[in-house]
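Comments concern the structure below.
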Amino acid sequence: MLSHLGLGSKVKLSWKLTSITKADNQGYVLGYETPEGLVSVQAKSVIMTIPSYVASDILRPLSIDAADALSKFYYPPVAAVTVSYPKEAIRKECLIDGELQGFGQLHPRSQGVETLGTIYSSSLFPNRAPAGRVLLLNYIGGSTNTGIVSKTESDLVEAVDSDLRKMLINPRAADPLALGVRVWPQAIPQFLIGHLDRLAAAKSALGRGGYDGLFLGGNYVAGVALGRCIEGAYESASQVSDFLTKYAYK
Ligand SMILES: Cc1cc2nc3c(=O)[nH]c(=O)nc-3n(C[C@H](O)[C@H](O)[C@H](O)COP(=O)(O)OP(=O)(O)OC[C@H]3O[C@@H](n4cnc5c(N)ncnc54)[C@H](O)[C@@H]3O)c2cc1C
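So for the sequence shown, UniProt numbering puts the first residue at 1; every next one is plus one.
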């Protein structure tokens, strides 16, 4: 994909940013742990799209105020639980023309269902399940159910399976195949009251510290939906472009 985008070797995978310092002239020196060892890169401008709690640690030596503000965003845990059932396990009333159709379902907390939502992966994408089976990706956890981090994988599969039997799967169906359980301990930043003030405080602390050309981006800045992250990337690119235009004429 990278070569199709024309990015080639400009994109570095498995490079972990560990430090950022101001360069002697202008710009920044970024320290990375890479598969080839420690590498440092100098850049006129930097967009940090790492999670805010990682940015907080890396920016602490530069600005305690920015780091403190960035450390306050709340990322509750979410588990992604992928299971497969035979097609006959789906309740008849949930089929359209004999098929499980649609994107999936979301479960309001008021319905007393622990699973947050279920994506019908094999209805959405081709070749996700062999003929006669369905593949379901379920999310469980969130800010009202942080206890999922201490559950075992089989507890999580059991919780999801028991929920699905309340509305989608026949109660007497055979056990599902559990194909994947991935717990994200800090999954999605919550835009709680005060979020934008804390973000503004982080940005203004960087401004006060003279860290021009260092921009914050990613989901806690732009919004958590993937579409907003992409729009936010365009906004960040435009900020860098404006900055570099001024920089070029200094
Ligand atoms: C379980 C789950 C389900 C979701 N479902 C949906 C959905 O259905 N629809 C939707 O619109 N959105 C969904 N979202 C939200 C959306 O996917 C995210 O908000 C979005 O992908 C975040 O993009 P990002 O680039 O800000 O952060 P990320 O995609 O989290 O990228 C941050 C990157 O920083 C890297 N990183 C961390 N530390 C370092 C370091 N020190 N050095 C270098 N790199 C580092 C990480 O490895 C990661 O690749 C979901 C999120 C989760 C967790």
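Positions of the beta carbon are idealized from the N, C-alpha and C atoms, including for glycine.
> How long is the line joining the alpha carbons of residue 231 and residue 41, rounded to whole angstroms?
Replying inline: Taking the first residue of the sequence shown as 1, we reach residue 231 at position 231. Taking the first residue of the sequence shown as 1, we reach residue 41 at position 41. Cα-Cα distance, rounded: 27 Å.
>> Just to confirm the assignment: which complete alpha helix (DSSP H) runs, minimum length 4, are found wholly within the stretch 130–186?
In response: Restricted to the stretch 130–186, the alpha helix (DSSP H) segments that are unbroken, complete and at least 4 residues in length are 153–167, listed in chain order.
>> If I measure Cβ to Cβ from residue 190 and keep anything under 8 Å in the same chain, skipping five residues before and after, which residues do I get?
In response: Sequence index remark: in the sequence shown, residue 190 carries index 190 (1-based). Once the five neighbours on either side are set aside, the close Cβ partners of residue 190 are 73, 74, 75, 76 and 143.
>> Does the structure place the stretch 174–185 close enough to the stretch 103–122 that three or more beta carbon pairs sit under 8 Å?
In response: The stretch 103–122 vs the stretch 174–185: no contact.
> Do residue 135 and ligand 1 come close, with the Cβ less than 8 Å from some heavy atom?
Replying inline: Numbered from its first residue, the sequence shown carries residue 135 at position 135. The answer is no for residue 135.
> For residue 215, does the three-state DSSP call read helix, strand or coil?
Replying inline: Walking along the sequence shown from the start, residue 215 turns up at place 215. In this structure, residue 215 counts as strand in the three-state DSSP scheme.
>> From the DSSP secondary-structure annotation, give me the bridge partner or partners of residue 117.
In response: For this step, residue 117 is matched to residue 117 along the sequence shown. Per DSSP, 106 and 139.
> Candidates 26, 91 and 68: which alpha carbon is nearest residue 172's?
Replying inline: If you number the sequence shown from 1, residue 172 lands on position 172. Proximity to residue 172 across 26, 91 and 68 peaks at 91, based on C-alpha coordinates.
>> Starting from residue 28, trace the beta strand (DSSP E) in both directions and tell me its first and last residue.
In response: Taking the sequence shown and counting its residues from 1, the one referred to as residue 28 is at position 28. Per DSSP, the continuous beta strand (DSSP E) segment holding residue 28 begins and ends at 28–34.
> How about residue 81 and residue 134: are their beta carbons less than 9 Å apart?
Replying inline: In the sequence shown, counting from the first residue as 1, residue 81 sits at position 81. In the sequence shown, counting from the first residue as 1, residue 134 sits at position 134. Residue 134 is positioned such that its CB atom lies no closer than 9 Å to that of residue 81.
> If we count Cβ pairs, one from each stretch, closer than 8 Å, do we get three or more for the stretch 197–214 versus the stretch 121–130?
Replying inline: No, the stretch 197–214 is not in contact with the stretch 121–130.
> In three-state DSSP terms, what is residue 240?
Replying inline: As a position in the sequence shown, residue 240 is number 240, starting the count at 1. In the three-state scheme derived from DSSP, where H, G and I count as helix and E and B as strand, residue 240 is classed as helix.
> How long is the line joining the alpha carbons of residue 62 and residue 21, rounded to whole angstroms?
Replying inline: Start at 1 with the first residue of the sequence shown, and residue 62 comes out as number 62. Start at 1 with the first residue of the sequence shown, and residue 21 comes out as number 21. Here the alpha carbon of residue 62 sits roughly 7 Å from the alpha carbon of residue 21.
>> Measuring straight from C-alpha to C-alpha, what distance separates residue 120 and residue 151?
In response: Looking up residue 120 in the sequence shown gives position 120. Looking up residue 151 in the sequence shown gives position 151. C-alpha separation (whole angstroms): 24 Å.
> Should residue 69 be labelled buried (16 or more other beta-carbon atoms within 10 Å of its own) or exposed?
Replying inline: For this step, residue 69 is matched to residue 69 along the sequence shown. Around the beta carbon of residue 69, a 10 Å sphere encloses 16 or more other beta carbons of the protein chains shown; the residue is thus reported as buried.
> Closer than 8 Å: is that where the CB of residue 145 sits relative to any heavy atom of ligand 1?
Replying inline: In the sequence shown, the residue the question calls residue 145 occupies position 145. No, since every heavy atom of ligand 1 falls outside the 8 Å radius drawn around the Cβ of residue 145.
> Per DSSP, residue 20 is paired with what?
Replying inline: Indexing the sequence shown from 1 puts residue 20 at position 20. Residue 20 pairs with 30.
>> Any contact between the stretch 13–33 and the stretch 44–58? By contact I mean 3 or more CB pairs, one from each, below 8 Å.
In response: The stretch 13–33, when compared against the stretch 44–58, does touch it at the 8 Å Cβ threshold.
> Three-state secondary structure (DSSP) at residue 188?
Replying inline: Numbered from its first residue, the sequence shown carries residue 188 at position 188. Annotated three-state conformation of residue 188 is coil, per DSSP.
> Quick one: does the C-beta of residue 229 sit closer than 8 Å to a heavy atom of ligand 1?
Replying inline: Locating residue 229 in the sequence shown gives position 229, counting from the first residue. Yes, ligand 1 has a heavy atom inside 8 Å of this Cβ.
>> Counting C-beta neighbours from all protein chains within 10 Å, is the total for residue 202 16 or more, i.e. buried, or is it exposed?
In response: Residue 202 sits at position 202 when you count from the first residue of the sequence shown. Answer is buried; the Cβ neighbour count reaches 16.
> Under the three-state reduction of DSSP, which class applies to residue 52: helix, strand or coil?
Replying inline: Within the sequence shown, residue 52 is the residue found at index 52, counting from 1. Note: residue 52 maps to helix in three-state DSSP.
> Are the stretch 36–54 and the stretch 212–221 touching by the rule of at least three beta carbon pairs closer than 8 Å?
Replying inline: Because the criterion of three Cβ pairs below 8 Å is met, the stretch 36–54 and the stretch 212–221 touch.
> With 16 as the cutoff for other CB atoms within 10 Å, does residue 163 come out buried or exposed?
Replying inline: Counting from 1 along the sequence shown, the entry for residue 163 is found at position 163. The residue is buried, with at least 16 neighbouring Cβ atoms inside 10 Å.
> Of the residues 222, 242, 12 and 167, which one's Cα is nearest the Cα of residue 93?
Replying inline: Counting from 1 along the sequence shown, the entry for residue 93 is found at position 93. Taking only the C-alpha atoms, the option nearest residue 93 is 167.
> Which of helix, strand or coil does DSSP assign to residue 42?
Replying inline: Along the sequence shown, read from residue 1 onward, the residue named residue 42 stands at position 42. In the three-state scheme derived from DSSP, where H, G and I count as helix and E and B as strand, residue 42 is classed as strand.
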